[in-house]
Structures are given as C-alpha cells and as structure tokens.
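**Q**
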Amino acid sequence: AVECLVDHFVERIKALGQRVDVVIGLDARGFLFGPLIAIKLGVAFAPVRKRGKLPGEVVSVTYMKEYGPDVFEMQADALAAGQNVVIIDDLLATGGSCKAAEDLVAQLKGNVLLSAFVISLVGLEGDKKLKAPVYALIEC
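Under the working numbering, the letters of the sequence shown match residues 35 to 174, in that order.
(1) Given that a residue counts as buried once 16 or more other Cβ atoms are within 10 Å of its Cβ, and exposed if not, what is Y101?
(2) Taking Cβ positions, are F79 and V56 nearer each other than 9 Å?
(3) Residue range of the beta strand (DSSP E) that K84 falls in?
(4) Please list the segments of the beta strand (DSSP E) lying wholly inside the stretch 51-118, counting only runs of 3 or more residues, in order along the chain.
(5) Please state whether DSSP places A170 in a helix, a strand or coil.
(6) What distance in whole Å lies between the Cβ atoms of M108 and L138, which are believed to be in contact at a cut-off of 8 Å?
(7) Give the C-beta separation of I121 and L60 to the nearest angstrom, bearing in mind that I take them to be a contact with Cβ-Cβ under 8 Å.
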C-alpha cells in the first residue's frame, strides 16, 4: 500500500512538468512519505521540524495552531535560492503547518510547486491559506 501511494505521488509530481529539486516533509508524518518520494524522484529531502530538533543553523517561523502558537524550523542550507520544492504531509486541515513551511521556503528564496497530502479536510478550507497549488489523494 505504501509503495502504491508513493508511486501515485511521484506520478502526480512528474505530471507538473517542472524540475523538482527538493522534497520537503512536515514533522512528523511527512517524514514517512517524503523521503521515499524524494528517492524515486532522484532529488534531495529536507525535513521541517518543530523548534530545537534540527542541528546547525536554521530558519524559523512562528505559526498558529488550533490551540496556540508553534514554531517550525528548517536547516538554513536545506535548499538554495531558486530551487523548486514539493511539500509533503499526510493531512491538510486548517493549513497552518503547510503555510509555515511555505514561509520557510520563501525565506530561503525557493519556489513551492505543489503541496501534496494524503487527505484534505475540505470543509476546513486549509487550501485557501496556501499560495502553491494543492493536491490531495482523498478529499473529505
């Protein structure tokens, strides 16, 4: 089942017809699929993690979750200016986490081509917070 899911996302990303340089996985379930997708695409993987979990120099952004503020970080050398990225996570709900990841990519002057999710809770309209196109395998 996991291989089928990964293959599906890889085909969807390839269908964009644009070069992808880095796959970004969101803490923590984005780490399950993101690296596998990156390997199949032959590109780098970069994690976005909660504050204090990554070594070295990081960029950070504060964002609002349902219960209050939180901080996401990404290593400052995770991508170079102008690189194209795809953000991967399991669930799109309110969009706060993915918007924070978009902001981190913007700090590093990268381009988000697509944010891809296994499930989107469409009633919460999280996609409306995001700049990049959104793809979800399952919408409910």
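Quick reminder that beta carbons are idealized off the backbone N, C-alpha and C, glycines included.
**A** The answer reads as follows:
(1) Y101 sits exposed, since fewer than 16 C-beta atoms from the chains shown fall within 10 Å of its C-beta.
(2) Yes.
(3) Counting along the chain, the beta strand (DSSP E) containing K84 begins and ends at A78 to K84.
(4) Uninterrupted beta strand (DSSP E) stretches at least 3 residues long and entirely within the stretch 51-118 occur at 56-60, 78-84, 92-99 and 102-109, given in chain order.
(5) Collapsing the DSSP output to three states places A170 in a strand.
(6) Distance from L138 to M108 at the Cβ level is roughly 5 Å; contact confirmed, criterion being Cβ atoms closer than 8 Å.
(7) The pair is a contact, with the Cβ atoms about 7 Å apart (cut-off 8 Å).
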